[in-house]
Each structure stands twice: as structure tokens, then as C-alpha cells.
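> Protein chains in written order, with this note's numbering: chain A, 1 to 286; chain B, 1 to 255. I am attaching a structure below and will ask some questions about it afterwards.
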Amino acid sequence: MAGLVNRGSPLGPIPACAGIGLRSVHHDALLAERPAVGFIEAHTENYFHAGGAAVRALERARSNYPLSLHGVGLGLGSADGVDHAHLERVRAAVRRFEPALVSEHACWGQAGGEYFNDLLPLPCTAEAAGLLARQVAEAQDFLGVQLLIENVSAYVAFEHATLTEWEFLGEVVARSGCALLLDVNNVYVSAQNLGLDACAYIAGVPAASVREIHLAGHVRNGNVLIDSHSSQVCDEVWELYRAAIARFGPLPTLVEWDNDIPALATLVAESTRAQRVLDERHGLAA
Amino acid sequence: MASLRDLQRSFAAALRDPGVACPVLPPANLSIYRNNAGIGFRAALERTFPVVRQRVGDEYFRQLAAHYRELFPSRSGDLFWVGRDFAAFLDEYLRGDYSWLADLARLEWSRAECSVAADAPAIGADALAGIPPGDLEHLVFGLQPALRLHSSSYPVFTVWETNQAENAPPVDQSLGAELGIVHLRDGLPEVRRLDPHLFSFLSALHQGQTLGRAMTTAGLEEESLTHALAFLFNSSLVSSLTVNGGTAEGLLPAQ
Numbered sequence: 001m002a003g004l005v006n007r008g009s010p011l012g013p014i015p016a017c018a019g020i021g022l023r024s025v026h027h028d029a030l031l032a033e034r035p036a037v038g039f040i041e042a043h044t045e046n047y048f049h050a051g052g053a054a055v056r057a058l059e060r061a062r063s064n065y066p067l068s069l070h071g072v073g074l075g076l077g078s079a080d081g082v083d084h085a086h087l088e089r090v091r092a093a094v095r096r097f098e099p100a101l102v103s104e105h106a107c108w109g110q111a112g113g114e115y116f117n118d119l120l121p122l123p124c125t126a127e128a129a130g131l132l133a134r135q136v137a138e139a140q141d142f143l144g145v146q147l148l149i150e151n152v153s154a155y156v157a158f159e160h161a162t163l164t165e166w167e168f169l170g171e172v173v174a175r176s177g178c179a180l181l182l183d184v185n186n187v188y189v190s191a192q193n194l195g196l197d198a199c200a201y202i203a204g205v206p207a208a209s210v211r212e213i214h215l216a217g218h219v220r221n222g223n224v225l226i227d228s229h230s231s232q233v234c235d236e237v238w239e240l241y242r243a244a245i246a247r248f249g250p251l252p253t254l255v256e257w258d259n260d261i262p263a264l265a266t267l268v269a270e271s272t273r274a275q276r277v278l279d280e281r282h283g284l285a286a
Numbered sequence: 001m002a003s004l005r006d007l008q009r010s011f012a013a014a015l016r017d018p019g020v021a022c023p024v025l026p027p028a029n030l031s032i033y034r035n036n037a038g039i040g041f042r043a044a045l046e047r048t049f050p051v052v053r054q055r056v057g058d059e060y061f062r063q064l065a066a067h068y069r070e071l072f073p074s075r076s077g078d079l080f081w082v083g084r085d086f087a088a089f090l091d092e093y094l095r096g097d098y099s100w101l102a103d104l105a106r107l108e109w110s111r112a113e114c115s116v117a118a119d120a121p122a123i124g125a126d127a128l129a130g131i132p133p134g135d136l137e138h139l140v141f142g143l144q145p146a147l148r149l150h151s152s153s154y155p156v157f158t159v160w161e162t163n164q165a166e167n168a169p170p171v172d173q174s175l176g177a178e179l180g181i182v183h184l185r186d187g188l189p190e191v192r193r194l195d196p197h198l199f200s201f202l203s204a205l206h207q208g209q210t211l212g213r214a215m216t217t218a219g220l221e222e223e224s225l226t227h228a229l230a231f232l233f234n235s236s237l238v239s240s241l242t243v244n245g246g247t248a249e250g251l252l253p254a255q
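Set out below in C-alpha cells:
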């Protein structure tokens with residue numbers, strides 16, 4: 001079955017296949033082994049510079065795989081406004097590498113000029129949804145692409161929240177015209193940490209807007225799950241992923257593994273597990 | 001109810017200071033974000049300054065990173081830039097016997113900048129063949145944009161080189177002042193100590209002096225010139241040659 005799935009051409013759209021994150025420790029192995037993954041996803045900020053080994057490796061990998069650029073530094077929910085210097089660098093990367101998908105997070109990252117370089121949580125309020133939507137729309141206009149906005153893992157809730165996370169994401173989609181990147185591990189982590197119903201979350205997001213799925217591993221620290229991207233995807237998240245694919249249909253799916261990064265073969269094997277879930281769904285649809 | 005801007009200000013203040021309240025549940029989990037920010041910042045410094053870290057040890061590097069972050073927090077969504085002021089911070093923070101660490105940090109920051117610089121096309125020594133002999137002394141050298149020159153009162157090049165191996169012994173600081181460059185070679189950053197004449201010659205060219213003036217500035221004899229020029233061209237440092245005050249025929253940009 002897997003052999004029948006179109007893996008996609010480097011400059012075409014991202015196929016509804018499993019991909020892997022591009023990490024510098026895998027640059028050489030990826031070029032040498034050319035594993036049959038559907039696409040690669042790179043952290044946009046790692047490719048901001050004019051030259052260097054990382055940029056050259058992405059240019060080479062780019063000729064073999066469809067590319068998704070995934071930003072972690074724009075913080076489009078920052079109430080101080082859009083960081084135009086950062087946005088310009090994103091645009092330069094988009095023009096240079098011509099990704100088929102460009103994504104960012106539903107988060108904020110700086111206040112008063114101090115950056116925390118983390119995906120900080122937004123309160124699920126109409127005010128925050130409105131601000132995020134305005135700034136996502138501004139970024140989309142500037143970049144000339146539709147953004148995929150990803151839900152982040154949450155470790156705290158806000159006392160004055162009035163919306164569920166899925167209602168919040170729905171508001172942002174409706175007001176900005178963006179699409180969604182649903183991180184199923186983040187759904188699970190947030191649900192566990194904040195006492196939410198992960199299945200209701202999957203059932204509640206606007207299905208037609210979800211264009212990509214992320215999977216990752218997390219770690220437990222006491223009562224809290226931490227989105228560490230440092231291990232294999234756990235069974236519960238695989239179950240949720242099946243539920244998500246059952247609802248949304250087959251979608252490009254990325255396995256993220258950014259810390260304690262294993263050999264490329266291990267990462268590809270994890271991606272192959274996701275591919276099997278997609279193949280099952282493709283099989284049902286056929 | 002506070003506006004989103006006020007909420008983010010109070011969240012940011014609580015990340016800086018655990019004693020500041022912020023209306024989130026459970027408040028104790030703010031420490032996860034606090035730790036993430038500190039770890040991400042420090043990890044970026046560790047990537048940029050591996051030799052400084054090796055010389056001072058992990059524990060002291062952690063302390064340095066934490067103090068540095070208080071004074072020079074991240075100002076960008078791209079962590080690459082957090083190291084930009086580290087040498088200036090070390091200048092102030094470490095005085096006396098350890099001020100060589102600031103020069104070492106300058107060298108490592110140059111290397112970081114160089115490692116992400118654009119590859120500039122270089123021209124070879126054969127370009128000199130097209131210059132009329134009478135124009136040679138009026139030549140102005142356009143040098144590789146990634147080139148960085150370093151002059152230190154301390155043996156920082158020896159420290160850098162020695163510490164490319166783990167568990168390197170301390171370098172005898174009585175070795176004294178060292179001069180050198182960081183540049184791109186075949187797309188990779190290279191750190192090289194230079195003898196004073198060559199360094200002085202290269203510095204003069206870097207300032208835009210003509211070949212003739214640079215030779216005078218550096219006290220370079222004609223017999224040493226061949227060696228110096230061979231070094232420049234073999235290291236891919238030259239990106240253009242212009243005859244000062246000359247005509248367009250004298251302009252030889254890189255191909």
C-alpha cells in the first residue's frame with residue numbers, strides 16, 4: 001500500500017504523507033541515505049543567514065524533498081505587535097527556499113523588547129483571538145502565503161479565559177483566513193496538564209482548516225507533561241492521531257524530534273509508523 | 001480585567017522574577033517557561049562560545065550566562081544573536097587576570113558570524129597578470145566580506161587552537177599578544193594566527209590602503225611581498241582588485 005502513495009516532487013505540494021524534521025546532525029545522512037519520507041520540515045530561523053553549512057544543506061536537501069518551513073520565533077500573539085525585522089527574514093527564507101507550506105504558532109514571545117524565545121501561551125479570550133488573527137493576517141499579506149498556525153503545549157491556564165482552545169483556534173481561522181497545523185502531542189499534553197478532553201479538542205477544531213499534523217514525544221515531570229520533542233511518540237498520542245486522521249482524512253504528518261536526537265534511521269522508523277496510519281486511511285478511502 | 005498587553009507584561013515580569021504574581025493556574029507551572037527561557041538562552045551561548053565554556057567550566061559558564069542575560073536579554077526571535085554582546089559583557093564583568101576571556105569571546109563571535117556569512121566569490125593570483133606594472137602599487141584590494149581581524153594582548157589564538165581538543169591544559173599567558181584573522185575558506189570558518197608583518201599588511205589593505213602604502217605601513221620588503229600575496233590569494237581572501245584612480249579597465253571583480 002505504501003508504495004502506491006505519491007511521495008511528491010520537490011517543488012510540488014506537500015503530499016498527505018509522513019515527513020521528518022531536518023536537523024543539522026542528520027544533514028549528511030539525509031543526503032547519503034535519501035530515505036523515502038514524504039517531505040522535510042525545517043525551522044525557519046535556522047536558515048535566516050546568507051550562507052553557512054545549514055543553508056547549503058537545506059539547499060541540497062531541498063532538491064530531493066518537498067519542504068515545509070516552520071517558524072518558532074515570530075510570536076504573532078505578542079500584544080506589542082508584529083516583529084517586522086523578523087518577518088522580513090521569514091519572507092527572505094520563503095523566497096529563497098520556496099516551501100510548499102509555511103507555519104507558525106498560536107503564541108507570543110516578547111514583551112517590552114525582551115524575547116523569551118519560547119512558545120508562550122495566549123489566554124483563550126476573544127481579545128487574544130482577535131489580536132492573533134489581525135497579526136496573522138498582517139503576516140500573511142506581507143509573506144504572500146497562507147500560514148498554518150499551530151496549537152502549542154500549555155502548562156498554565158488563564159483565570160479569565162472564556163473560550164476553549166478549539167473555539168479559540170476556530171476564531172483565529174475565521175478572522176484571519178489562516179489554516180491550522182494541529183499538533184496532536186500538544187493537544188494531549190495540554191489536555192493532561194489542564195484537565196481538558198483531548199477527544200473533544202480533536203472533534204472541535206474546524207476540520208476543513210487542518211492542513212498538517214505534528215507528532216512528538218513528551219516527558220513527565222511530576223504531575224506535568226513537558227513537550228520535550230526528545231523521545232518516541234507515546235501510545236496515547238498514536239491513538240489520538242488515528243482519531244484525528246479518521247476525522248480530517250490523510251494529512252501531511254511530521255514527527256518532531258529536536259532534543260536527544262536519535263540516528264536518522266530511528267527518526268525515519270517513527271515517521272514510517274505515521275505513514276502506516278495514513279496508508280490505512282488511504283486504504284479505507286480507496 | 002487586565003488587557004492582553006498588561007497580562008503579557010506581568011507574565012514576562014513573573015518569568016524574570018519568581019516573586020511577581022501573574023493570574024495563571026497553577027502559578028507554580030510558570031517555572032517551566034522560566035526554565036525554558038533560561039536554558040534556551042544558555043544553550044545558544046554554549047553553541048557560540050564552546051572554548052570560553054571549556055576554559056571556565058560548565059558551572060561558571062552557567063553563572064556567566066545568567067548574569068549576562070540579566071543585563072543583555074534576548075532582543076530577537078532568533079537566538080543566534082544573543083551572543084553579540086557577550087565579549088563586551090565579559091570585558092566589564094571579568095577584569096584583571098581573566099580579561100583574556102573577553103578577547104577569546106570576540107574571536108568566537110567572529111567565528112559564529114563567519115560561519116553563517118555568504119560565500120563570496122574569490123579571484124586568483126592570475127588576476128594580477130592583467131595589471132600594468134606601473135599600476136601595481138596603486139592597487140586596492142577588495143577583501144572577503146566575512147574576514148574579521150583580531151588583535152589581542154593575550155595568546156587567544158593559541159588558546160582557541162589548543163582547546164579544539166577536550167581537556168586541554170591552560171595556555172601560558174606569558175606567550176603574550178597574538179594577531180590573526182577569522183575568514184571563510186571553502187565555505188567554512190577558519191581561525192588563523194598571523195605574524196605581525198602579515199597582519200599589519202592585511203589590516204592596511206582592509207582599511208583600503210593601496211598596495212604600495214600597505215607595504216610601507218607594514219614595513220614589508222619586496223621579497224616578502226610574494227609570500228604575502230600568495231597567502232591572500234591562496235586563502236581566497238581577495239574578491240576584487242581596483243586600480244586607485246584608475247580606469248574601468250583596472251577593475252577586476254570576481255567572476
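The C-beta atom is built at its ideal place from N, Cα and C for all residues, glycine as well.
Residues in the stretch 56 to 67 of chain A with C-beta within 9 Å of chain B's C-beta atoms, listed in sequence order?
Arg56
> Going along chain A, which residues have a C-beta under 9 Å from B/Leu25?
Contact annotation for B/Leu25 against chain A: Val156, Ala157, Phe158, Glu159, Leu194 [CB-CB distance below 9 Å, chain order].
> Listing by chain order, which chain A residues have their CB less than 8 Å from the CB of B/Asp119?
Gly51
> Please list the terminal residues of the continuous alpha helix (DSSP H) segment that includes A/Ile202.
198 to 204
> Along chain A, in chain order, which residues have C-beta atoms closer than 9 Å to that of B/Ile32?
Tyr155, Val156, Asn221, Val224, Ile226
> Starting from the Cα of A/Pro10, find the closest Cα among A/Val219, A/Glu138, A/Ser63 and give me that residue.
A/Ser63
> Please state the DSSP three-state secondary structure of B/Ser240.
strand
> Quick check: what's the CA-CA separation for A/Leu278 versus A/Gln135?
33 Å
> Please confirm whether B/Pro120 and B/Ala146 have their CB atoms less than 8 Å apart.
The sequence shown places Ala at residue 120 of chain B, rather than the Pro named in the question. Yes; because the gap between Cβ atoms is below 8 Å, this pair is in contact.
> What does the Cβ neighbour count give for A/Asp83, buried or exposed, with the cut at 16 atoms within 10 Å?
buried
> Under 8 Å by Cβ, that's how I've got B/Ser334 and B/Ala177 pegged, so tell me the actual separation to the nearest angstrom.
Any question about residue 334 of chain B goes unanswered here, given that chain B covers just 1 to 255.
> Let's see if you can read the secondary structure: which residues bound the beta strand (DSSP E) around B/Glu178?
From DSSP, the beta strand (DSSP E) with B/Glu178 extends over 178 to 185.
> Where do the N-terminal and C-terminal ends of the beta strand (DSSP E) with A/Thr253 fall, by residue?
253 to 256
> Tell me whether A/Gly3 is buried or exposed, calling it buried when 16 or more other Cβ atoms sit within 10 Å of its Cβ.
Bear in mind that a pLDDT of 39 at A/Gly3, under 50, signals an unreliable position, so the number given afterwards is only what the model happens to contain. Exposed, because fewer than 16 other Cβ atoms sit within 10 Å of the Cβ of A/Gly3.
> Quick one, which of A/Leu69, A/Ser209, A/His160 has its alpha-carbon nearest A/Pro99's?
Closest option to A/Pro99, judged by alpha-carbon separation, among A/Leu69, A/Ser209, A/His160: A/Leu69.
> Have a look at B/Glu249 and B/Gln144 and give me their C-alpha separation to the nearest angstrom.
Confidence at B/Glu249 is low in this model, with a pLDDT of 40, below 50, so its placement is unreliable and the value that follows should be read with caution. Rounded to the nearest angstrom, the two C-alpha atoms are 22 Å apart.
> Could you name the residues that DSSP lists as bridge partners for B/Gly130?
For B/Gly130, which the question treats as bridged, DSSP gives no partner whatsoever.
> Does any residue of chain B bring its CB to less than 8 Å from the CB of A/Trp257?
no
> Quick one: list the residues of chain B neighbouring A/Pro123, beta-carbon separation under 8 Å, in chain order.
Leu4, Leu7
> What is the C-beta distance between B/Gly77 and A/Leu74, in whole angstroms, given that I count them as a contact (C-beta under 8 Å)?
6 Å
> Rounding to the nearest angstrom, what Cα-Cα distance links B/Leu107 and B/Asp195 in this structure?
The straight-line gap from Cα to Cα measures roughly 17 Å.
> Residues of chain B with CB under 8 Å from A/Ser230, in chain order?
Going along chain B, no residue has its Cβ under 8 Å from A/Ser230, so there is no contact; the nearest lies around 13 Å.
> Among B/Ala13, B/Ala21, B/Pro27, which one has its Cα closest to the Cα of A/Asn193?
B/Pro27
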